[in-house]
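Down below is the structure, laid out as structure tokens.
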Amino acid sequence: MKKKSLETAYAYARERYAELGIDTDKALKDLDKVSISLHCWQADDVGGFERTDSTLSGGGIQVTGNYPGKARNIEELRNDLEKAYSLIPGKHRFNMHAIYGDFGKKFVDRDAVEPKHFKSWIDWANEQKIKIDFNSSLFSHVMADSGYTLSSREKKVREFWIEHVQRCREIAAYIGKEQKGRSVHNIWIPDGSKDVTVNRLEHRKILKESLDTIFEKEYNPKEMADAIESKLFGIGSESYVVGSHEFYMGYGFTNNRMICLDMGHFHPTESIADKISSTLLFSEEVLLHVSRGIRWDSDHVVIFNDDLIQLALEIVRGNFLNKVNIGLDFFDASINRIGAYVVGTRAAQRAFLFALLEPTKKIREYENKSQNFEKLALMEVSKDMPFGIVWDYYCASKGVLIGEEVIDDIQKYEKTVLAKR
Ligand code: RNT
Ligand code: ZN
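This is the structure:
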């Protein structure tokens, strides 16, 4: 019954969109190409598997909450991710941090990570037909306790982290080679300080030198690509962050590395949507960390809000879908973590679908003719279009649960799997 109604409803939606010059079937085909990299760190609150008691500590990011059922080991994390992927339509990617390696019982320090520690991840991902992206981990470590890593004035400290990042780039290239698909390697460092800092230039000079050393080795671009992520401020680095937006924009553009724009890393009223067109005018690609900032915190579960919609619209309007690498970046330990993945990823997909269904051509015509009331009116109409029906139809066509059905399903997983941890 429900299936039949959905088909009837979709037929209406298709017709209605066609009146605005939009082909819904084509939009769904384009949505299929929007592959989102699910971050491993929502499953265990950024703990990682270096030690059995790993927890996120230090480094300008913090996680709050202790909702039961977090993944305690690799197997649990894989199960949770498989569950999440099963509730998300389409083919997506997996984004790993170095601290999630398969280290066995041995403690492997950051300056000793090797490709072999990621072999079992590649096997798992290949089975799941998922490609892996990678991240160096420069936080939660004694060598990061001073608040500085790659930009530290202490040679010993920065050499330790340079070694780590060099190894991580090699691991990313290995993953890309083994998987026959490029792995994006991202560098985010927490470096900065809580209070007034006078050595602002000095640390930035050191960071630049460290990055130059790190990038001396070039890898096959078909196997890996480098990204560098900026931030405005962090917890404990309120006054000064070495790796600011200007720093990495300058570095990335002049050294041919893509920059990573995290939605939670700018001033509260500053939106990354408006940074897409400028960035891609001067750079081949960009990495996005799709996140949701609230006041001073940057990593809430993504929802279908204006920030996200505007970002997707800018990407689609500029025809940039093949130039953006989309990664999620949020971690909420106060709610069901599989639920967080499913809500966040589906929100990102819905934003892209909304953008793909915008009657941009017509809106642009109005704008070009300065018919500004008409432009606003049509943009308002596009908000009332039967967008939710197209989304439901997409989920159903991929064999994925629709709407609130996912709530029951995740609750069931919580009762039968998570509650037993
Ligand atoms: C931190 C950055 C960074 C991390 C992850 C764990 O502010 O956003 O991307 O969230 O790498
Ligand atoms: Zn981020």
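Under numbering that gives the first Met the number 0, the residues of the sequence shown are numbered 0 to 420, in order. We treat Cβ as the ideally placed atom computed from N, Cα and C, and that holds for glycine. Since we're looking at a predicted model, the values are computed, not measured.
Can you find the residues in the same chain that come closer than 6 Å, C-beta to C-beta, to S276, ignoring five residues on each side of it along the sequence? For S276, where only same-chain residues beyond five positions count, the Cβ hits under 6 Å are G317.
Taking 7 Å as the line, does the beta carbon of W187 fall inside it for any heavy atom of ligand 2? Taken from the Cβ of W187, at least one heavy atom of ligand 2 lies inside 7 Å.
Which value, in whole angstroms, describes the spacing of the CA atoms of D44 and F329? Cα-Cα distance, rounded: 9 Å.
Suppose you measure from the CA of W160 to the CA of S53; what does that come to, to the nearest Å? Rounded to the nearest angstrom, the gap between the Cα atoms of W160 and S53 is 19 Å.
Taking all protein chains shown into account, do 16 or more other C-beta atoms lie within 10 angstroms of the C-beta of N321, making it buried, or fewer, making it exposed? Label assigned to N321: exposed.
Keeping to the same chain, check which residues put their C-beta closer than 8 Å to that of P220; ignore five residues upstream and five downstream. So the qualifying residues of the chain are R181.
Taking the alpha carbon of V197 as the point to measure from, which residue in V241, E14, V405 has its own alpha carbon closest? Checked all of V241, E14, V405; the closest Cα to V197 is V241.
To the nearest whole angstrom, what separates the beta carbons of E237 and K204, a pair I think is in contact under 8 Å? So it is not a contact: roughly 22 Å between Cβ atoms.
Where does the unbroken alpha helix (DSSP H) through M95 begin, and where does it stop? It is not in any alpha helix (DSSP H) - M95 instead sits in the beta strand (DSSP E) that spans 92–96.
Measure the CB-CB distance between F102 and I131 and report whether it falls below 8 Å. Cβ distance not < 8 Å, so F102 and I131 don't count as in contact.
Would you decide whether L137 is buried or exposed? Buried here means 16 or more other CB atoms lie within 10 Å of its CB. L137 should be labelled buried.
Less than 8 Å between the CB atoms is what I'm expecting for P114 and Y173, so what's the real figure, rounded? By a beta-carbon distance limit of 8 Å, P114 contacts Y173. Their separation comes to about 4 Å.
Contact shell at 5 Å, judged by CB to any heavy atom of ligand 2, ordered along the chain: This criterion selects D261, H288, D328.
Measuring alpha carbon to alpha carbon, tell me which residue in Y218, R349, G263 is nearest P88. P88 has its Cα closest to that of R349, out of Y218, R349, G263.
How many Å lie between T23 and G387 at the Cα? C-alpha separation (whole angstroms): 12 Å.
Cα-Cα separation between T148 and D296, rounded to whole angstroms: Roughly 22 Å separates the two Cα atoms.
Under 8 Å by Cβ, that's how I've got Y239 and G191 pegged, so tell me the actual separation to the nearest angstrom. With 8 Å as the limit, Y239 and G191 qualify as a contact, their Cβ atoms being about 5 Å apart.
Let me check you understand the geometry: is the CB of D306 closer than 7 Å to at least one non-hydrogen atom of ligand 1? False, no ligand heavy atom lies under 7 Å from that Cβ.
Which residue's Cα is closest to the Cα of G59: K207, V289, F214, S145? When only C-alpha atoms are compared, the closest one is S145.
So is A171 buried or exposed if we call it buried at 16+ other beta carbons inside 10 Å? By the 10 Å Cβ count, A171 comes out buried.
Is G180 helix, strand or coil when you go by DSSP? Judged by DSSP in its simplified three-state form, G180 adopts coil rather than helix or strand.
Leaving out five residues on either side along the sequence, give the residues of the same chain with a beta carbon under 6 Å from the beta carbon of S209. Its chain contains L149, R157, I161 as the residues whose beta carbon lies nearer than 6 Å to that of S209, once the 5 sequence neighbours on both sides are disregarded; these appear in chain order.
How would you label Q410, buried or exposed, when you count the other beta carbons within 10 angstroms and need 16 or more for buried? By the 10 Å Cβ count, Q410 comes out exposed.
Would you mind giving the Cβ-Cβ distance between F106 and R50, rounded to the nearest angstrom? I have them listed as a contact below 8 Å. Between R50 and F106 the Cβ distance is about 6 Å, and since that is below 8 Å, they are a contact.
Can you check whether the CB of E228 is closer than 8 Å to the CB of H288? Contact check for H288 against E228 passes: the beta carbons are separated by less than 8 Å.
Could you round the C-beta distance between A272 and L310 to whole angstroms and report it? I think they count as a contact, below 8 Å. A Cβ-Cβ distance of about 4 Å is found for the pair A272 and L310, placing them in contact under the 8 Å criterion.
Using the beta-carbon count (16 or more within 10 Å), is G440 buried or exposed? Outside the displayed span of the chain (0 to 420) sits residue 440, for which this structure offers no information.
Taking the alpha-carbon of D31 as reference, which of L76, F232, H91, A10 has the nearest alpha-carbon? The residue with the shortest Cα to Cα distance from D31 is H91.
The beta strand (DSSP E) that contains E364, what's its start and end? Annotation for E364: no beta strand (DSSP E) segment contains it, though the alpha helix (DSSP H) segment containing it runs 359–367.
In angstroms with no decimal places, state the Cα-to-Cα distance between L356 and T278. The alpha-carbon of L356 is positioned some 24 Å away from that of T278.
Check whether the Cβ of S297 lies closer than 7 Å to any heavy atom of ligand 1, and answer yes or no. The answer is yes for S297.
Would you give the residue range spanned by the beta strand (DSSP E) that I293 belongs to? 291–293 is the extent of the beta strand (DSSP E) around I293.
Is the distance from the Cβ of N17 to the Cβ of R336 below 8 Å? It should be pointed out that residue 17 corresponds to Ala in this sequence rather than to Asn. No, the pair does not count as a contact, with Cβ atoms beyond the cut-off.
Examine ligand 1 and report whether any of its heavy atoms sits within less than 7 Å of the Cβ of E228. Yes, ligand 1 has a heavy atom inside 7 Å of this Cβ.
Classify T253: buried if its beta carbon has 16 or more other beta carbons within 10 angstroms, exposed otherwise. Within 10 angstroms of the beta-carbon of T253 lie fewer than 16 other beta-carbons, which makes it exposed.
Taking all protein chains shown into account, do 16 or more other C-beta atoms lie within 10 angstroms of the C-beta of N72, making it buried, or fewer, making it exposed? With fewer than 16 other Cβ atoms within 10 Å, it is exposed.
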